[in-house]
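**Q** Take a look at the following structure, please.
Here it is in structure tokens:
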């Protein structure tokens, strides 16, 4: 039988683990997120978003007026706009094109 002291100890250990673990990243369509390039293909870009999600940019969403895709290399930071929270593969669907439009609009 667990005593009140051992239950408090278990609770404090669990609280510490929860504080130290990465938080679940909730992204919403239309939100601008920062990521780091982890894969760059001919027509696809994968971004690590804060170490808790992977984002994908593909097709026409790669092309923006600043030609961002052309200059991106592995490990480079980049901003992208969320189109969908999650696709069939569990990745966040992103757009460089719409991120660049939003940045221009905000200026």
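Numbering (our numbering), first residue to last: 25 to 131.
Glycine included, each C-beta is placed from N, C-alpha and C at the ideal position.
Since the model is a prediction, treat every value here as computed from it, not as a measurement.
1) Going by DSSP, what residue range makes up the beta strand (DSSP E) through residue 130?
2) Between which two residues does the beta strand (DSSP E) carrying residue 78 extend?
3) Going by the DSSP bridge assignment, what does residue 104 pair with across the sheet?
4) Could you give the DSSP three-state label for residue 72: helix, strand or coil?
5) What is the rounded straight-line gap between the Cα of residue 110 and the Cα of residue 116?
6) Any idea which residues DSSP pairs residue 63 with across the strands?
7) Below 8 angstroms, how does it come out for the stretch 61-77 and the stretch 124-131: are there three or more Cβ pairs, yes or no?
8) Measure the Cβ-Cβ separation of residue 100 and residue 123 and say whether it is below 7 angstroms.
**A** Here's the rundown:
1) For the purposes of this step, residue 130 is taken as residue 106 along the chain shown, with counting starting at 1. From DSSP, residue 130 is part of no beta strand (DSSP E) but of the alpha helix (DSSP H) over 120-130.
2) Against the chain shown, residue 78 aligns to sequence position 54. Element bounds for residue 78: 77-82.
3) Stepping through the chain shown from its first residue, residue 104 is reached at position 80. The partner list for residue 104 (beta bridge, DSSP) reads 57.
4) On the chain shown, position 48 is the one that residue 72 refers to. If DSSP states are grouped into helix, strand and coil, residue 72 belongs with the strands.
5) Within the chain shown, residue 110 is the residue found at index 86, counting from 1. Within the chain shown, residue 116 is the residue found at index 92, counting from 1. Rounded to the nearest angstrom, the two C-alpha atoms are 5 angstroms apart.
6) Residue 63 sits at position 39 when you count from the first residue of the chain shown. DSSP output for residue 63 lists 70 as bridge partner(s).
7) no
8) Walking along the chain shown from the start, residue 100 turns up at place 76. Walking along the chain shown from the start, residue 123 turns up at place 99. Result no, Cβ atoms of residue 100 and residue 123 do not sit closer than 7 angstroms.
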